[in-house]
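Q: Going down the list, the protein sequences come from chains A and B. In the working numbering, each number is its position in the first sequence, counted from 1, plus 748. In the working numbering, each number is its position in the second sequence, counted from 1, plus 748. Note that CB positions come from ideal geometry on N, CA and C, so glycine has one too.
Number of protein chains: 2
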Amino acid sequence: MLIGELAERAGTSTRTLRYYEAHGLVHPQRSANGYRVYDEAELRVVREIRALLDVGFGLDDVRPFVACLRAGNASGDVCPDSVLVLRRKLAEVDDYLDRLGAVRQQLHTQLTHAIAHREETCPRKRPSAL
Amino acid sequence: MLIGELAERAGTSTRTLRYYEAHGLVHPQRSANGYRVYDEAELRVVREIRALLDVGFGLDDVRPFVACLRAGNASGDVCPDSVLVLRRKLAEVDDYLDRLGAVRQQLHTQLTHAIAHREETCPRKRPSAL
DNA sequence: CCTTGCCTTGACGCTGACGACAAGGTTTAG
DNA sequence: CTAAACCTTGTCGTCAGCGTCAAGGCAAGG
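Put into structure tokens, the structure is as follows:
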């Protein structure tokens with residue numbers, strides 16, 4: 749399987765696949781003419797990467813999952829290193845949820861205040877020119 | 749008040765103040781030697797900008813608030829344009845909270861699955877060299 | 001031979017809010 | 001005279017995950 753086919757089957761671009769390779773996440777063979785050749789296993793790897801990135805992981809975060817898949821496991825998250833990353837990410841998400849909740853609260857308060865004190869002196873809506 | 753003093757009083761850097769000016773958020777006078785001269789009102793403006801950026805606003809978002817302050821209001825959020833931005837941001841935050849909640853749920857599920865299926869074939873922990 | 005359609009390796013662009021220089025002018029204090 | 005401590009404009013770097021050319025090689029069909 750060449751890079752174009754893998755890209756299409758994985759729902760991504762050739763640029764992306766080369767990018768992953770440059771960052772050590774994928775290791776294709778090379779045919780005589782220098783073309784990258786991938787096997788079926790790489791398709792699953794790429795899909796795993798995409799799925800994790802979609803959830804907010806960084807490339808560094810997905811490495812353990814890729815290694816886990818490549819070690820022959822059915823899914824990439826059953827290895828210790830993967831679990832560590834999962835825990836850390838979960839904590840990060842929880843933390844971010846808290847802060848975002850606080851922001852939401854502040855926005856709500858501010859909006860309430862703004863509506864209560866409206867009808868004051870306000871800038872004109874673009875008086876023709878700047 | 750020169751740029752250095754304003755920066756210190758506002759808890760930011762001169763670079764930041766020049767950046768805001770380049771993006772049309774602050775309009776200092778110029779003294780004979782070309783130095784930027786700010787009045788007290790600009791201090792409040794800069795603090796408003798900083799507060800909003802901290803909450804996740806972009807520079808474009810804060811423009812209405814600055815204009816509102818400059819129009820002579822006690823706070824920057826009492827003008828119609830500001831209220832619009834506040835509503836939009838609140839909606840964005842709510843939306844993001846939803847998606848982040850879904851991600852959290854997925855992470856939790858995945859973590860549970862990973863722990864249930866652990867103890868399988870996993871990559872060695874860096875066998876000395878790479 | 002030519003075109004089409006793959007593939008290759010660079011290398012710059014993008015988004016946002018600045019940080020970190022560079023190279024120089026000004027004013028004040030000693 | 002000179003150093004210190006301000007100020008000026010200008011330009012490049014940062015972080016991430018690619019998009020988007022550019023310039024060229026290779027293979028196959030007509």
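Report whether the distance from the Cβ of H865/A to the nearest heavy atom of the ligand HEM is below 6 Å.
A: With respect to the ligand HEM, the structure offers nothing, as it holds no ligand at all.
Q: Quick check on P866/B: does DSSP put it in helix, strand or coil?
A: Counted from its first residue, the second sequence places residue 866/B at position 118. Residue 866/B is actually Arg in this sequence, not Pro. Coil, per DSSP.
Q: Helix, strand or coil for V833/A per DSSP?
A: The residue you call residue 833/A lines up with position 85 of the first sequence. Helix at V833/A.
Q: For the alpha helix (DSSP H) that V803/B lies in, which residues bound it at each end?
A: Locating residue 803/B in the second sequence gives position 55, where the first residue counts as 1. Careful: V803/B lies outside any alpha helix (DSSP H) and carries neither H nor E.
Q: Secondary structure at V814/B, three-state DSSP: helix, strand or coil?
A: Locating residue 814/B in the second sequence gives position 66, counting from the first residue. Helix at V814/B.
Q: Note down, in chain order, each residue of its chain lying with its Cβ closer than 6 Å to the Cβ of Y768/B, except the 5 sequence neighbours on either side.
A: Here residue 768/B is taken as the residue at index 20 of the second sequence, counted from 1. Excluding positions up to five away in sequence, the list reads V774.
Q: For L765/A, would you say it is in contact with chain B, using Cβ-to-Cβ distances shorter than 7 Å as the test?
A: Taking the first sequence and counting its residues from 1, one reaches residue 765/A at position 17. It does not; no Cβ of chain B falls within 7 Å.
Q: Rounded to whole angstroms, what is the Cα-Cα separation between H771/A and F805/A?
A: Residue numbering aside, residue 771/A sits at position 23 when the first sequence is read from its first letter. Residue numbering aside, residue 805/A sits at position 57 when the first sequence is read from its first letter. For H771/A and F805/A, the distance between alpha carbons rounds to 15 Å.
Q: Quick one: residues in its chain with C-beta nearer than 6 Å to the C-beta of M749/B, no 5 flanking neighbours on either side, listed in chain order?
A: Position 1 of the second sequence, counted from the start, is the residue given in the question as residue 749/B. Closer than 6 Å at the Cβ level, and outside the excluded window around M749/B, lie Y786.
Q: With DSSP as the reference, label V785/B as helix, strand or coil.
A: By one-based count along the second sequence, residue 785/B stands at place 37. Collapsing the DSSP output to three states places V785/B in a strand.
Q: Hey, is the segment 854 to 864 of chain B in contact with the segment 831 to 845 of chain B, meaning 3+ C-beta pairs nearer than 8 Å?
A: no
Q: Less than 7 Å separating the beta-carbons of V826/B and A862/A?
A: Your numbering for residue 826/B matches position 78 in the second sequence. Your numbering for residue 862/A matches position 114 in the first sequence. Result yes, Cβ atoms of V826/B and A862/A sit closer than 7 Å.
Q: Could you tell me the alpha carbon to alpha carbon distance between R763/A and V810/A, rounded to whole angstroms?
A: Here residue 763/A refers to the residue found at position 15 when the first sequence is read from its first residue. Here residue 810/A refers to the residue found at position 62 when the first sequence is read from its first residue. The straight-line gap from Cα to Cα measures roughly 18 Å.
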